[in-house]
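In what follows, a structure is listed as structure tokens, so that the remarks can point back to it.
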Amino acid sequence: MDWQIIQQSLPQFAQGFRETLWLSLVGILGAMVVGLCCSLIQYFKVPVARQLVSVYVELFRNTPLLIQLFFLYYAFPVMGLKMSAVTCGIIGLIFLGGAYMAEGFTGGFDGVSKTQVDSGRALGMSNWQLARYIVFPQGFSLSVPSLAANIIFLIKETSIFSVIAIPELTNTALDLIGLYYRSNEYLFVLVIAYAIILIPLSLLLTWLEKRVRYGTFGD
Amino acid sequence: MEHSGISVLFQGRNFVRLLGGLWTSVWIAALALVFGLLLGALIGLLRTSKSKLLRAIFRIYLEFFRIVPTVVLLFLFYYILPRQVGINWPGSVMATIAFALWVSAEFSDIVRGALISVPKVQQESGLALGLSKWQLFIYVLLPQAFQLELPATINLATRVIKTTSLLMMISVMDLINVGQQIIEANNQSHPTAVFWIYGLIFLLYFIVDYPLSLWSKKVARRNQN
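Line order of the protein sequences matches chains F and L. Using the working numbering, the letters of the first sequence map in sequence onto residues 149 to 367. Using the working numbering, the letters of the second sequence map in sequence onto residues 109 to 333.
This is how it looks when you write it as structure tokens:
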């Protein structure tokens, strides 16, 4: 282990670190929005849209991100749709994450007791009001554990972006290894970099899970 | 249809080669699962032990595999083992070991969760009947825990299969690598082949994983009732 080499590579890793962070952030937020929309569609059994959503969720949950990215990045251009690597990466992550988040939200929403929803209906609430004031506030706290797991999962999945040459952390490390053949040093920095992102985050999420559990009614 | 990319799929032995690639991927996933589940069951059992040190060690083991993305894990095994330990095995063996250890970490958490969620009464009844610790584990804890952990285990299997897509990164001749070779060989004559090949690979992964995830959902629903 040569510390000199590690030190010299730090600026490049810092660049990759920022790239990983913002790609994850955009991907996670996008995935949350897509997932929430999908699970509300399923919850209120919107005709047609509901079938489309379930096909989408199953397709993306049961295929690897890598092949989804290859399809977006290499196969779409021959069909006339050319996108930059970063665009493909973000779209891929949002769609993959959306499918996982949809399952997470659905799990939470299914946990909201039927009486709550029926009472809301009896009070004359519209579907939108039911979602906004009853299903979402109670269901969300139930879905936090699986959403948290998905967040960690999606951040780790950004490492796959390296196959379409997005200069995030893993790609940075692979590039450096290719240039200087110092795999020990660069892989060490790489693992540490992921630990810096994921350890505090997973502690925070565990704390959040405990925190929202107090908010559950009658538990 | 002479220049349509779809014809590439059925040219020569292309389709058979792709299926061969899929076979490599599935085979590596299966081996990793067998070894990983055995090791994971043992670690999971140890994680319910009374020794604080033992629990801490395996907790760190689990967290390590949770934090390091699988791509990075593969590279750790592919680059560091040969150089540091002098082991020079092919990528497929390295990948199997890396996946097996990863599976063992994830599965140990599933086993632990299932073991501690078997009701205490069950254990106490077993003890009251005079079962030994070992008998208690084999006849009381294991069968009940197995039922509880089955859906999560199947999900883990689908994840391992999806993760085999990363094998191409350490030059194993898996499904995607074979696909890339076919695409490159036909790029000049059939530019749209890339669409069909990647489309087929996407579909093949789905065909393998979807039944498993259906099965997992079914078991989970049965467990709830």
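No residue lacks a Cβ here, since even glycine has one placed at the ideal position from N, Cα and C. Only a predicted model underlies this, so the values are computations on that prediction, with no experimental measurement involved.
Just to confirm the assignment, what range does the alpha helix (DSSP H) spanning residue i have?
i: Tyr306 (chain L); result: 301-332
i: Lys160 (chain L); result: 160-175
i: Asp258 (chain F); result: 233-258
i: Val205 (chain F); result: 197-209
i: Met162 (chain F); result: For the sequence presented, residue 162 (chain F) should be read as Ala rather than Met. Unbroken alpha helix (DSSP H) run through Ala162 (chain F): 151-191.
i: Ser240 (chain L); result: Careful: Ser240 (chain L) lies outside any alpha helix (DSSP H) and carries neither H nor E.
i: Glu305 (chain F); result: 284-305
i: Gln255 (chain L); result: 250-271
i: Ser267 (chain F); result: 262-270
i: Phe143 (chain L); result: 122-154
With distances taken from CA atoms, which of the options is nearest residue i?
i: Ser172 (chain F); options: F:Glu357, F:Leu349, F:Trp355; result: F:Leu349
i: Thr132 (chain L); options: L:Thr271, L:Leu320, L:Gly307; result: L:Thr271
i: Leu302 (chain F); options: L:Tyr247, L:Ile175, L:Gln231; result: L:Ile175
i: Ile168 (chain L); options: L:Leu184, L:Thr178, L:Ile151, L:Phe314; result: L:Ile151
i: Ile344 (chain F); options: F:Leu317, F:Trp355, F:Arg209; result: F:Leu317
i: Ile238 (chain F); options: F:Leu169, F:Gln155, F:Ile347; result: F:Leu169
i: Pro293 (chain F); options: F:Tyr328, F:Trp355, F:Ala162, F:Arg330; result: F:Trp355
i: Val311 (chain F); options: L:Leu239, L:Ser225, L:Arg125, L:Ile284; result: L:Ile284
i: Ser279 (chain L); options: L:Leu141, L:Ser324, L:Leu239, L:Ser200; result: L:Ser200
i: Leu295 (chain F); options: F:Gln160, F:Leu177, F:Leu158, F:Gly164; result: F:Leu177
i: Glu214 (chain L); options: L:Ser240, L:Leu235, L:Ile291, L:Pro177; result: L:Pro177
i: Gln156 (chain F); options: F:Leu346, F:Leu188, F:Val339, F:Glu333; result: F:Glu333
i: Ala149 (chain L); options: L:Gly129, L:Asn263, L:Arg125, L:Leu250; result: L:Leu250
i: Ile269 (chain L); options: L:Phe314, L:Glu171, L:Arg220; result: L:Phe314
i: Leu274 (chain L); options: F:Leu324, F:Leu352, F:Ile215; result: F:Ile215
i: Val142 (chain L); options: L:Glu171, L:Ala265, L:Ser112; result: L:Ala265
Tell me the rounded alpha-carbon separation between residue i and residue j.
i: Gln199 (chain F); j: Gly245 (chain F); result: 19 Å
i: Gly194 (chain L); j: Gly259 (chain F); result: 53 Å
i: Trp151 (chain F); j: Phe254 (chain L); result: 47 Å
i: Trp197 (chain L); j: Ser115 (chain L); result: 37 Å
i: Ser291 (chain F); j: Leu217 (chain F); result: 28 Å
i: Asp367 (chain F); j: Leu147 (chain L); result: Note that Asp367 (chain F) scores a pLDDT of 46, beneath 50, so its modelled location is shaky; the value from the coordinates is reported in the next line. Their Cα atoms are separated by approximately 36 Å.
i: Leu278 (chain F); j: Cys185 (chain F); result: 14 Å
i: Met202 (chain L); j: Tyr342 (chain F); result: 22 Å
i: Glu206 (chain F); j: Leu241 (chain F); result: 15 Å
i: Ile188 (chain L); j: Leu335 (chain F); result: 9 Å
i: Lys228 (chain L); j: Ala222 (chain L); result: 12 Å
i: Ala164 (chain L); j: Ile218 (chain L); result: 17 Å
i: Thr263 (chain F); j: Gly287 (chain F); result: 14 Å
i: Leu311 (chain L); j: Asp317 (chain L); result: 10 Å
i: Pro285 (chain F); j: Met227 (chain F); result: 43 Å
i: Ile112 (chain F); j: Leu346 (chain F); result: This structure cannot speak to residue 112 (chain F), because chain F is shown only from 149 to 367.
i: Cys236 (chain F); j: Phe192 (chain F); result: 31 Å
i: Trp276 (chain F); j: Phe257 (chain F); result: 14 Å
i: Asn294 (chain L); j: Ala301 (chain L); result: 7 Å
i: Arg191 (chain L); j: Val180 (chain L); result: 16 Å
i: Ile340 (chain F); j: Leu213 (chain F); result: 24 Å
i: Leu162 (chain L); j: Ala208 (chain L); result: 21 Å
i: Ala452 (chain F); j: Pro315 (chain F); result: Given that chain F is displayed from residue 149 to residue 367, the structure contains no residue 452 (chain F) and the question cannot be resolved.
Are any of the Cβ atoms in chain F nearer than 8 Å to that of residue i?
i: Met277 (chain L); result: yes
i: Lys270 (chain L); result: yes
i: Gly307 (chain L); result: yes
i: Ser321 (chain L); result: yes
i: Asp217 (chain L); result: no
i: Thr300 (chain L); result: yes
i: Met109 (chain L); result: Reliability fails at Met109 (chain L), whose pLDDT of 45 lies under 50, so the model's placement of it is uncertain and the value that follows must be treated cautiously. False, the Cβ-Cβ gap to chain F never drops below 8 Å.
i: Leu274 (chain L); result: yes
i: Tyr169 (chain L); result: no
i: Phe207 (chain L); result: no
i: Asp317 (chain L); result: yes
i: Ile63 (chain L); result: No answer is possible for residue 63 (chain L): it lies beyond the span of chain L, which begins at 109 and ends at 333.
i: Thr266 (chain L); result: yes
i: Phe166 (chain L); result: no
i: Ile175 (chain L); result: yes
Check the Cβ-Cβ distances between residue i and every residue of chain L, and say whether any is below 8 Å.
i: Tyr191 (chain F); result: no
i: Gln160 (chain F); result: no
i: Leu338 (chain F); result: yes
i: Thr318 (chain F); result: yes
i: Ser157 (chain F); result: no
i: Ser261 (chain F); result: no
i: Gly164 (chain F); result: no
i: Leu335 (chain F); result: yes
i: Ser331 (chain F); result: yes
Does the CB of residue i have a neighbour CB from chain C at under 8 Å?
i: Phe123 (chain L); result: In summary, chain C is missing from the structure at hand, where the protein chains are F and L.
Practice task
May I ask you to list, following chain order, the residues of the segment 130-156 of chain L that have a beta carbon less than 8 Å from some beta carbon of chain F?
Solution key: none
Practice task
Using a Cβ-Cβ cut-off of less than 8 Å, give me the residues of the segment 179-197 of chain L that come near chain F, in sequence order.
Solution key: Val179, Val180, Phe183, Leu184, Tyr187, Ile188, Arg191, Gln192
Exercise for the section: Output, in sequence order along the chain, the residues in the segment 289-311 of chain F whose CB is closer than 9 Å to any CB in chain L. Expected result: Ile300, Ile303, Lys304, Glu305, Thr306, Ser307, Ile308, Ser310, Val311
Handout entry: Chain-ordered residues of the segment 205-226 of chain F with a beta carbon less than 9 Å from chain L
Key = Glu206, Leu207, Arg209, Asn210, Thr211, Pro212, Leu213, Leu214, Ile215, Gln216, Phe218, Phe219, Tyr222, Ala223, Phe224, Pro225, Val226
Practice task
Determine which residues of the segment 340-361 of chain F have a Cβ less than 8 Å from any Cβ of chain L, and write them out in chain order.
Solution key: Tyr342, Ala343, Leu346, Ile347, Ser350
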